[in-house]
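Asker:
Number of protein chains: 2
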Amino acid sequence: MEKFIIEKKCRDTKARVGRIITAYGEVETPVFMPVGTQGTVKAVSNSELRDIGVQLFISNTYHLYIRPGMDVIKNAGGLHKFINWDRAIITDSGGFQLHSLAKYCKVNNEGAEFKSHIDGSTHFFTPEKVIEIQNHLGSDIMMCFDECTSYPCSRDYAEQSMELTFRWAKRCKKFFLDTHPVDTEQQVFGIVQGSTYLDLRRTSVQELTDVGFDGYALGGLSVGEPKEIMDEIITEIVPLLPEEKPRYVMGVGTPEDIWTCIENGVDMFDCVIPTKNGRNGQALTSSGKLNLKNAVHKNDYSPLDSECPCEVCREYTKAYIHHLFRSGELLALRLLSLHNLYFLIQLVGSIKKSIRSGKFVSEKKKFFENYGKL
Amino acid sequence: MEKFIIEKKCRDTKARVGRIITAYGEVETPVFMPVGTQGTVKAVSNSELRDIGVQLFISNTYHLYIRPGMDVIKNAGGLHKFINWDRAIITDSGGFQLHSLAKYCKVNNEGAEFKSHIDGSTHFFTPEKVIEIQNHLGSDIMMCFDECTSYPCSRDYAEQSMELTFRWAKRCKKFFLDTHPVDTEQQVFGIVQGSTYLDLRRTSVQELTDVGFDGYALGGLSVGEPKEIMDEIITEIVPLLPEEKPRYVMGVGTPEDIWTCIENGVDMFDCVIPTKNGRNGQALTSSGKLNLKNAVHKNDYSPLDSECPCEVCREYTKAYIHHLFRSGELLALRLLSLHNLYFLIQLVGSIKKSIRSGKFVSEKKKFFENYGKL
Numbered sequence: 001m002e003k004f005i006i007e008k009k010c011r012d013t014k015a016r017v018g019r020i021i022t023a024y025g026e027v028e029t030p031v032f033m034p035v036g037t038q039g040t041v042k043a044v045s046n047s048e049l050r051d052i053g054v055q056l057f058i059s060n061t062y063h064l065y066i067r068p069g070m071d072v073i074k075n076a077g078g079l080h081k082f083i084n085w086d087r088a089i090i091t092d093s094g095g096f097q098l099h100s101l102a103k104y105c106k107v108n109n110e111g112a113e114f115k116s117h118i119d120g121s122t123h124f125f126t127p128e129k130v131i132e133i134q135n136h137l138g139s140d141i142m143m144c145f146d147e148c149t150s151y152p153c154s155r156d157y158a159e160q161s162m163e164l165t166f167r168w169a170k171r172c173k174k175f176f177l178d179t180h181p182v183d184t185e186q187q188v189f190g191i192v193q194g195s196t197y198l199d200l201r202r203t204s205v206q207e208l209t210d211v212g213f214d215g216y217a218l219g220g221l222s223v224g225e226p227k228e229i230m231d232e233i234i235t236e237i238v239p240l241l242p243e244e245k246p247r248y249v250m251g252v253g254t255p256e257d258i259w260t261c262i263e264n265g266v267d268m269f270d271c272v273i274p275t276k277n278g279r280n281g282q283a284l285t286s287s288g289k290l291n292l293k294n295a296v297h298k299n300d301y302s303p304l305d306s307e308c309p310c311e312v313c314r315e316y317t318k319a320y321i322h323h324l325f326r327s328g329e330l331l332a333l334r335l336l337s338l339h340n341l342y343f344l345i346q347l348v349g350s351i352k353k354s355i356r357s358g359k360f361v362s363e364k365k366k367f368f369e370n371y372g373k374l
Numbered sequence: 375m376e377k378f379i380i381e382k383k384c385r386d387t388k389a390r391v392g393r394i395i396t397a398y399g400e401v402e403t404p405v406f407m408p409v410g411t412q413g414t415v416k417a418v419s420n421s422e423l424r425d426i427g428v429q430l431f432i433s434n435t436y437h438l439y440i441r442p443g444m445d446v447i448k449n450a451g452g453l454h455k456f457i458n459w460d461r462a463i464i465t466d467s468g469g470f471q472l473h474s475l476a477k478y479c480k481v482n483n484e485g486a487e488f489k490s491h492i493d494g495s496t497h498f499f500t501p502e503k504v505i506e507i508q509n510h511l512g513s514d515i516m517m518c519f520d521e522c523t524s525y526p527c528s529r530d531y532a533e534q535s536m537e538l539t540f541r542w543a544k545r546c547k548k549f550f551l552d553t554h555p556v557d558t559e560q561q562v563f564g565i566v567q568g569s570t571y572l573d574l575r576r577t578s579v580q581e582l583t584d585v586g587f588d589g590y591a592l593g594g595l596s597v598g599e600p601k602e603i604m605d606e607i608i609t610e611i612v613p614l615l616p617e618e619k620p621r622y623v624m625g626v627g628t629p630e631d632i633w634t635c636i637e638n639g640v641d642m643f644d645c646v647i648p649t650k651n652g653r654n655g656q657a658l659t660s661s662g663k664l665n666l667k668n669a670v671h672k673n674d675y676s677p678l679d680s681e682c683p684c685e686v687c688r689e690y691t692k693a694y695i696h697h698l699f700r701s702g703e704l705l706a707l708r709l710l711s712l713h714n715l716y717f718l719i720q721l722v723g724s725i726k727k728s729i730r731s732g733k734f735v736s737e738k739k740k741f742f743e744n745y746g747k748l
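So the protein sequences, as listed, match chains A and B. So the first sequence is numbered by the working numbering: it starts at 1 and just counts up by one. So the second sequence is numbered by the working numbering: it starts at 375 and just counts up by one.
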């Protein structure tokens, strides 16, 4: 069964437009995926996500396993039902969270022992267990269990870790095949690791593609490395990924990074920027970034972005949103989160259009002429 | 020009159904008014308020004067435009906030000097200034400047304060007349004070009605006095207010209080309970109150209130909302605030219906048979 269809390729770059087929609807690619770690995209409701055209968001194995726990979600009939979301869900495997969040994490060949960041209780994740959890969640796209390295990372450690991630990926794939019918609509993606070492990344790609996955992600980026290094890895490694499968760069999503990713043939990306920075007062606009907490907006009765047709820009002014932030009002967090998500969704939509119409290069130029203004 | 029309009186009680006419639409009474102190009903958007049928909410002179300040709102073209709300707005005068919030407040016959709770700056409110501010805000219904007493309050202080509030009310009325055309659609309400002393309350009613206002409010309630005392004041004093004018009990709004108020001929009430208690995890339901933070809801996949047709009850379960609270997710605050507001709006709607159909007494009995269940 076809799970990914490429509909159009850019004539000037590696960009492409396609569709991922899931049991919860089709997802047009390239796709920006909002982050709903705990089963909710922070400050935003599911109906708002639907309204702005979100077809897929990313939730998290580690977080949901820890809280509310698998029984609660299994008894609800899976994550879609628990959170009332009738479109697609991708779940990260928890590898990144063990690295960044767990109080204690001891990795061996078998898996990872860790203590919950909530109550300190001890748990053990294996590749099989992580797929099993994602089975219970009912994720449309599951991620293999991986070890995410920090930046900087020694070559030795990066190599060992990449090989461990590969062995885990093979076990994930095996367990996935053992627990799903051949014609399952669910998908499992492998995660390329190797830190900043291009040769390790290349080996990782080779090994993972030999096993074969429904899609491939670059993990271990956006962990503090300089932007040039991230860009180099994307530019060098993404083209090595199988062309006929979705390609996903994890944790990436500034407007600049989105253009870079898509130009290099990436189909999927996720990032907390629109919601996290939104809660901190930052608005993404076609002219650049604004900080709505700044006094300069006190008397500015124009919308966040005069070119933006979103509900927030139609209904509210910078002066009002500035007032809401200054007054500590929750509505401020909602409005900027919603606008920022809309902005990125709409940006990716317009990039898709430019690929279809053969205008990717000129549209990119136009975007940055304007985006640099602020 | 008619500003209030009574359409139906209950045959068994003092309850009535009517309409307040404003430049921003008609307001059916009895009406529960959500509290939007700083120009936003906490955690809820204006379009959500519209969707659940809010026709009028209460904002605050003191707060908006302090922040964002009158220039910002004047330049926006008034409060309706500043916050993008095309229905009616009532504004409290600031008397209660000087009493509860200002860092320092010195009252004399002329007015009240106080320091802002935000930056400590010194300001002086007079009755004239408070009406002028409400003029700039463009409030559809303005409240006279009053002194709100604490509970308990000595008889001497209550008497002096009530007389001061009366002198201020006269000055408010005069300034209102001086600054508005005869056929203005705006309204100004007097505030009955007198603490817990029924005779002082009666004198206050007599004095205010001699001056004549578009409506009358009971102030200084819900400030810590026992419920029986509040009920006695409502029962004894409300019927003394002119029948042909709207009657407003300030700061009141539990389901129990709403029934008591309406039964005694009250047309308007406002309360932070639906939003404030909602943010603390409390849901109002037809069976009583629930605390969604309680572990008992962890596996409960039913809606907050199975009889409630609101968006929150249609879309989400107690188990999910419990998870959102436990996880510190902002959506939790939104969902309970919205449901609770809907619950009270819908409750008042059904009470209105019962008055029209002559079934107030039996509907009240039915409500409390169910409401006591939890």
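Just so it is clear, CB atoms sit at the ideal spot from N, CA and C, and this is done for glycine as well.
1) Could you list which residues in chain A have their beta carbon closer than 8 Å to that of Asn673/B, in chain order?
2) Closest to Ser731/B by CA distance: which of Lys377/B, Glu376/B, Lys383/B, Lys477/B is it?
3) Apart from the five residues on each side of it in sequence, which residues of its chain come closer than 6 Å, Cβ to Cβ, to Lys663/B?
4) So which residues of chain A does Lys416/B contact, with C-beta pairs closer than 8 Å?
5) Which residues of chain B have a Cβ atom closer than 7 Å to the Cβ of Ile83/A, listed in chain order?
6) Can you tell me the Cα-Cα spacing of Lys3/A and Thr22/A, whole angstroms?
7) Under a three-way DSSP split, which group does Arg185/A fall into?
8) If you count every other CB in all the chains shown that lies within 10 Å of the CB of Asn420/B, and 16 or more means buried, which is it?
9) Grab the span of the beta strand (DSSP E) containing Thr22/A for me, first residue to last.
10) For the alpha helix (DSSP H) containing Glu48/A, name the first residue and the last one.
11) Report the rounded CA-to-CA distance for Lys373/A versus Phe367/A, giving the unit in angstroms.
12) Pro68/A CB to nearest chain B CB: under 7 Å?
13) Checking 7 Å against the spacing of the C-beta atoms, do Asn135/A and Thr203/A come in under that value?
14) Can you grab the Cα-Cα spacing for the pair Asp466/B / Ile234/A, in whole Å?
15) How far does the beta strand (DSSP E) with Glu232/A in it reach, from first residue to last?
16) From the DSSP output, which residues share a beta bridge with Cys479/B?
17) Which complete beta strand (DSSP E) runs does the segment 198-280 of chain A hold, if anything under 3 residues is left out?
18) Report back the beta-carbon spacing between Gly220/A and Thr149/A to the nearest angstrom; my notes put them in contact at under 8 Å.
19) Is the Cβ-Cβ distance between Thr659/B and Asp679/B less than 7 Å?
20) What does DSSP give as the partner residue(s) for Gly564/B in the beta ladder?
21) If you follow the alpha helix (DSSP H) that Val401/B is in, where does it begin and where does it stop?
22) Identify the continuous alpha helix (DSSP H) that holds Lys81/A and give its terminal residues.
23) Could you check what DSSP says for Asp92/A in three-state terms: helix, strand or coil?
24) Beta-carbon separation of Asn744/B and Pro648/B under 7 Å?
25) Of the choices Phe213/A, Thr254/A, Thr209/A, Arg155/A, whose alpha-carbon is the least far from that of Asp199/A?
26) Between the segment 470-484 of chain B and the segment 327-347 of chain A, do at least 3 Cβ pairs fall closer than 8 Å?
27) On a CA-only basis, which of Glu381/B, Val722/B, Cys527/B, His491/B is nearest Gly468/B? Give me that one, please.
28) Does the distance from the CB of Ile507/B to the CB of Ile464/B come in under 7 Å?
29) Quick one, which residues of the segment 22-49 of chain A are near chain B if we go by CB-CB under 8 Å, in chain order?
30) I'd like to know if His491/B contacts chain A, where contact means its C-beta is closer than 7 Å to some C-beta of that chain.
31) Start and end of the beta strand (DSSP E) containing Glu329/B?
32) Go through its chain and collect everything with a Cβ distance to Tyr24/A's Cβ below 6 Å, but skip five positions before and after it.
33) Under 7 Å between beta-carbons, which chain A residues line up against Leu453/B? List them in chain order, please.
34) On a CA-only basis, which of Met407/B, His497/B, Lys388/B is nearest Asn638/B? Give me that one, please.
35) Mind pulling the chain A residues with CB within less than 9 Å of Arg355/B?
36) Between the segment 676-691 of chain B and chain A, which residues of the former have a C-beta closer than 8 Å to a C-beta of the latter?
Answerer: This is what the structure holds:
1) As a first step, residue 673/B is located in the second sequence; it is residue number 299 there, counting from the start. Asn673/B reaches chain A at Asp71, Val72, Asn75, counting residues in chain order whose Cβ is nearer than 8 Å.
2) Against the second sequence, residue 731/B aligns to sequence position 357. Residue Lys383/B is the option with its Cα nearest to Ser731/B.
3) By one-based count along the second sequence, residue 663/B stands at place 289. Gln656, listed in sequence order.
4) By one-based count along the second sequence, residue 416/B stands at place 42. For Lys416/B, the C-beta contacts it makes with chain A under 8 Å involve Glu329, Leu330, Leu331, in order along the chain.
5) The residue labelled residue 83/A in the question sits at position 83 within the first sequence. Correct list: Tyr694.
6) Reading the first sequence from its first residue, position 3 is the one you call residue 3/A. Reading the first sequence from its first residue, position 22 is the one you call residue 22/A. Spanning the two alpha carbons is a distance of roughly 7 Å.
7) On the first sequence, position 185 is the one that residue 185/A refers to. A small fix is needed here, since residue 185/A is Glu in this sequence, not Arg. Note: Glu185/A maps to coil in three-state DSSP.
8) The residue given as residue 420/B occupies position 46 in the second sequence. By the neighbour-count rule (16 or more Cβ atoms within 10 Å), Asn420/B is buried.
9) Counting from 1 along the first sequence, the entry for residue 22/A is found at position 22. Counting along the chain, Thr22/A sits inside the beta strand (DSSP E) bounded by residues 16-22.
10) Numbered from 1 along the first sequence, position 48 holds the residue referred to as residue 48/A. Here the alpha helix (DSSP H) through Glu48/A covers 46-51.
11) Taking the first residue of the first sequence as position 1, residue 373/A is located at position 373. Taking the first residue of the first sequence as position 1, residue 367/A is located at position 367. Going from the Cα of Lys373/A to the Cα of Phe367/A covers about 10 Å.
12) Working through the first sequence from its first residue, we reach residue 68/A at position 68. Interface annotation, Pro68/A: in contact with chain B, CB-CB separation under 7 Å.
13) Stepping through the first sequence from its first residue, residue 135/A is reached at position 135. Stepping through the first sequence from its first residue, residue 203/A is reached at position 203. No; because the gap between Cβ atoms is not below 7 Å, this pair is not in contact.
14) Walking along the second sequence from the start, residue 466/B turns up at place 92. Walking along the first sequence from the start, residue 234/A turns up at place 234. Their backbone Cα atoms lie some 58 Å apart in a straight line.
15) For the purposes of this step, residue 232/A is identified with residue 232 of the first sequence, where counting begins at 1. According to the DSSP assignment, Glu232/A belongs to no beta strand (DSSP E) but to the alpha helix (DSSP H) extending over 227-237.
16) Here the question's residue 479/B lines up with position 105 in the second sequence. Paired residue(s): Phe488/B.
17) With a minimum length of 3 residues, the continuous beta strand (DSSP E) runs that stay inside the segment 198-280 of chain A are 215-218, 247-249, 268-270.
18) Working through the first sequence from its first residue, we reach residue 220/A at position 220. Working through the first sequence from its first residue, we reach residue 149/A at position 149. The Cβ separation is near 5 Å, so the contact holds.
19) By one-based count along the second sequence, residue 659/B stands at place 285. By one-based count along the second sequence, residue 679/B stands at place 305. Their beta carbons are under 7 Å apart, which means Thr659/B touches Asp679/B by this criterion.
20) Here residue 564/B corresponds to residue number 190 of the second sequence, with the count starting at 1. Beta-bridge partners assigned by DSSP to Gly564/B: Tyr590/B.
21) Numbered from 1 along the second sequence, position 27 holds the residue referred to as residue 401/B. Element bounds for Val401/B: not the alpha helix (DSSP H) but the beta strand (DSSP E), 399-403.
22) Position 81 of the first sequence holds residue 81/A. 79-83 is the extent of the alpha helix (DSSP H) around Lys81/A.
23) The sequence position of residue 92/A within the first sequence is 92, counting from 1. Note: Asp92/A maps to strand in three-state DSSP.
24) Counting from 1 along the second sequence, the entry for residue 744/B is found at position 370. Counting from 1 along the second sequence, the entry for residue 648/B is found at position 274. No.
25) Against the first sequence, residue 199/A aligns to sequence position 199. Asp199/A has its Cα closest to that of Arg155/A, out of Phe213/A, Thr254/A, Thr209/A, Arg155/A.
26) No, the segment 470-484 of chain B is not in contact with the segment 327-347 of chain A.
27) Within the second sequence, the letter at position 94 stands for residue 468/B. Nearest Cα to Gly468/B within the set Glu381/B, Val722/B, Cys527/B, His491/B: His491/B.
28) As a first step, residue 507/B is located in the second sequence; it is residue number 133 there, counting from the start. As a first step, residue 464/B is located in the second sequence; it is residue number 90 there, counting from the start. The answer is no: Cβ separation not under 7 Å.
29) Taking 8 Å as the Cβ-Cβ cut-off against chain B, the residues of the segment 22-49 of chain A that qualify are Gln38, Gly39, Thr40, Lys42, Ala43, Val44, Ser45, Asn46, Ser47.
30) Translated into positions along the second sequence, residue 491/B becomes position 117. With respect to chain A, the C-beta atom of His491/B has no partner C-beta closer than 7 Å.
31) The structure shown does not extend to residue 329/B, since chain B is modelled only from 375 to 748, so the question has no answer here.
32) Your numbering for residue 24/A matches position 24 in the first sequence. Correct list, in chain order: Arg87, Ala88, Asp140.
33) For the purposes of this step, residue 453/B is taken as the residue at position 79 of the second sequence. Within chain A, no residue comes near Leu453/B; the closest Cβ sits about 10 Å away, beyond 7 Å.
34) Reading the second sequence from its first residue, position 264 is the one you call residue 638/B. The shortest CA-to-CA distance from Asn638/B to any of Met407/B, His497/B, Lys388/B is the one to Lys388/B.
35) The structure shown has nothing for residue 355/B, since chain B only spans 375 to 748.
36) Contact annotation: in the segment 676-691 of chain B, residues whose CB is within less than 8 Å of a CB in chain A are Glu685, Glu689, Tyr690, Thr691.
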